[in-house]
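Q:
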Amino acid sequence: MALVERTRPGPGILLLTLNRPEKRNAISMPLRDALAEAIIARQAADRVIVLSGAGGVFSAGADLAESATSHVDQRLASVDRLAGVMAETDLPVVAAIEGGAWGAGFELALACDIIVAASDAVLALPEVRYGFIPGSGGTQRLARATGRHRAALAILAAEPMTVGEALTLGVVSRRADTGQALDTALSIAARIAAHPAAAVTAACRAIREGVEMTLAEGLALERRLVRPLAGSDELRARAGAFVAGDRAAQNT
């Protein structure tokens with residue numbers, strides 16, 4: 003049984019499903035490596051990745067059993083490799099959270115570009131309860147999303163975050179009805195996949211890299227990314243269609 007199932011439910015959409023339902027999709031080193039490989043092996047026709055979990059839950063967090071059988075440096079190397087692959091892929095990644103995302107599972111979702119969560123999902127970073135801290139980017143990504151003080155409450159007090167609060171704070175991009183997170187994520191992915199690939203890639207890069215820069219640096223990056231698109235055949239064709247009144251070309 004593959005640790006990460008790969009399917010293509012629609013044009014340009016690569017659906018990657020964490021597939022350890024018997025462990026509530028606990029994230030092990032082999033699962034991280036399988037996910038990294040699946041992202042690297044995307045096909046040329048793929049335009050967007052959707053990440054979900056089998057068995058009605060996104061992920062219960064890190065596989066704690068690994069702590070007794072592997073060295074921390076091995077686990078951190080696995081974390082860093084996946085983080086690097088996700089940061090470098092030219093495809094946007096959409097997380098679809100049903101049930102909940104705890105610990106390393108929530109951290110994995112935070113590394114995605116868009117997060118869709120079912121209204122009853124639980125989002126939590128409970129590591130301090132076990133004498134540990136979030137070690138897959140959670141302390142940094144959550145603080146950048148919510149601000150220092152709310153992140154401190156979530157991490158230091160191990161207080162779960164509701165989807166409603168996460169939506170208000172900008173951690174979650176879209177709230178879905180219970181059982182509809184994946185369908186909602188796929189609908190968003192279909193809209194992304196219909197847009198010109200070069201523009202999506204450039205916009206994704208501008209957002210990902212820009213949030214780590216000063217405003218001036220981010221604007222300079224945006225300018226560099228705009229220039230190659232400005233004279234593209236795709237832009238001329240779509241702009242011409244718009245001017246001619248064919249608005250359907252922009253709304254499909």
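Be aware that the sequence shown starts at 3, since it is given in our numbering, and climbs by one per residue.
All C-beta atoms in this analysis are idealised placements derived from N, C-alpha and C, irrespective of residue type, glycine included.
Check for me: the beta strand (DSSP E) holding E7 runs from which residue to which?
A: Along the sequence shown, read from residue 1 onward, the residue named residue 7 stands at position 5. Segment V6 to G12, the beta strand (DSSP E) holding E7.
Q: How do the stretch 156-163 and the stretch 212-222 stand: do at least 3 beta-carbon pairs fall below 8 Å, yes or no?
A: As far as the Cβ criterion goes, the stretch 156-163 does not touch the stretch 212-222, which means the pair count is below three.
Q: Can you tell me whether T9 is buried or exposed? The criterion is at least 16 other CB atoms within 10 Å of its CB, across all chains shown.
A: Along the sequence shown, read from residue 1 onward, the residue named residue 9 stands at position 7. T9 comes out exposed.
Q: How is I135 classed by DSSP in three states: helix, strand or coil?
A: The residue labelled residue 135 in the question sits at position 133 within the sequence shown. Secondary structure of I135 (DSSP, three-state): coil.
Q: Please report how far the alpha carbon of A205 lies from the alpha carbon of L184, in whole angstroms.
A: On the sequence shown, position 203 is the one that residue 205 refers to. On the sequence shown, position 182 is the one that residue 184 refers to. Taking C-alpha positions only, A205 is separated from L184 by approximately 23 Å.
Q: Let me know if D48 comes out buried or exposed under the rule of 16 or more other beta-carbons within 10 Å of its beta-carbon.
A: Start at 1 with the first residue of the sequence shown, and residue 48 comes out as number 46. That one is buried.
Q: Less than 7 Å between C-beta atoms, sequence neighbours within five positions excluded: which residues of the same chain meet that for A201?
A: As a working mapping, residue 201 is identified with position 199 in the sequence shown. So the qualifying residues of the chain are L231.
Q: Would you decide whether M3 is buried or exposed? Buried here means 16 or more other CB atoms lie within 10 Å of its CB.
A: Within the sequence shown, numbered from 1, the residue matching residue 3 stands at position 1. M3 should be labelled exposed.
Q: In whole angstroms, what separates the C-alpha of L144 from that of V81?
A: Here residue 144 refers to the residue found at position 142 when the sequence shown is read from its first residue. Here residue 81 refers to the residue found at position 79 when the sequence shown is read from its first residue. Looking at the two C-alpha atoms, the distance is approximately 17 Å.
Q: How about S61 and M31: do their beta carbons lie closer than 8 Å?
A: For the purposes of this step, residue 61 is taken as residue 59 along the sequence shown, with counting starting at 1. For the purposes of this step, residue 31 is taken as residue 29 along the sequence shown, with counting starting at 1. The answer is no: Cβ separation not under 8 Å.
Q: Quick one: using the 10 Å Cβ neighbour count with 16 as the cut-off for buried, is E236 buried or exposed?
A: By 1-based counting over the sequence shown, the position of residue 236 is 234. Exposed, by the Cβ-count rule.
Q: Roughly how many whole angstroms lie between the Cα atoms of G57 and A222?
A: The residue given as residue 57 occupies position 55 in the sequence shown. The residue given as residue 222 occupies position 220 in the sequence shown. In a straight line, the C-alpha of G57 is about 44 Å away from that of A222.
Q: Buried or exposed: I116, going by 16 or more other Cβ atoms within 10 Å of its Cβ?
A: Walking along the sequence shown from the start, residue 116 turns up at place 114. Buried: at least 16 other Cβ atoms inside 10 Å.
Q: Hey, A156 and V52 are a contact pair by Cβ (cut 8 Å); roughly how many whole angstroms apart?
A: Mapped onto the sequence shown, residue 156 falls at position 154. Mapped onto the sequence shown, residue 52 falls at position 50. For A156 against V52, the beta-carbon gap comes to about 25 Å, at or over 8 Å, which does not count as contact.
Q: Name the two residues that bound the continuous alpha helix (DSSP H) containing R49.
A: As a working mapping, residue 49 is identified with position 47 in the sequence shown. Neither: R49 is in no alpha helix (DSSP H) and is coded neither H nor E.
Q: If you measure between the beta carbons of I29 and G139, is that distance less than 8 Å?
A: Start at 1 with the first residue of the sequence shown, and residue 29 comes out as number 27. Start at 1 with the first residue of the sequence shown, and residue 139 comes out as number 137. The answer is no: Cβ separation not under 8 Å.
Q: Would you mind sorting D179 into buried or exposed? The rule is 16 or more other CB atoms within 10 Å of its CB.
A: Counting from 1 along the sequence shown, the entry for residue 179 is found at position 177. Answer is exposed; the Cβ neighbour count stays below 16.
Q: So what does DSSP say about D127, is it helix, strand or coil?
A: Looking up residue 127 in the sequence shown gives position 125. Looking at the sequence itself, residue 127 is Leu, so the reference to Asp does not match. The answer is coil: DSSP assigns L127 none of H, G, I, E or B.
Q: Between L188 and the rest of its own chain, which residues show a CB-CB distance below 8 Å, the 5 nearest in sequence each way excluded?
A: To locate residue 188, count along the sequence shown from 1; it is residue 186. Hits under 8 Å: P11, G12, I15, L17, V52 and A98.
Q: Using a Cβ-Cβ cut-off of 7 Å (strictly less than) and excluding sequence neighbours within five positions of R22, which residues of its own chain qualify?
A: Along the sequence shown, read from residue 1 onward, the residue named residue 22 stands at position 20. So the list reads L5, A28 and L33, once near-sequence residues are dropped.
Q: Spatial neighbours of L125 within its chain, please: CB distance less than 6 Å, with the 5 preceding and 5 following residues excluded, ordered by chain position.
A: Translated into the one-based positions of the sequence shown, residue 125 becomes position 123. Excluding positions up to five away in sequence, the list reads A103, F108, M163 and A168.
Q: Of all the beta strand (DSSP E) runs that stay within the bounds of the stretch 147-229, which reach a length of 3 or more residues?
A: Those beta strand (DSSP E) runs which fall completely within the stretch 147-229 and span 3+ residues are 176-178.
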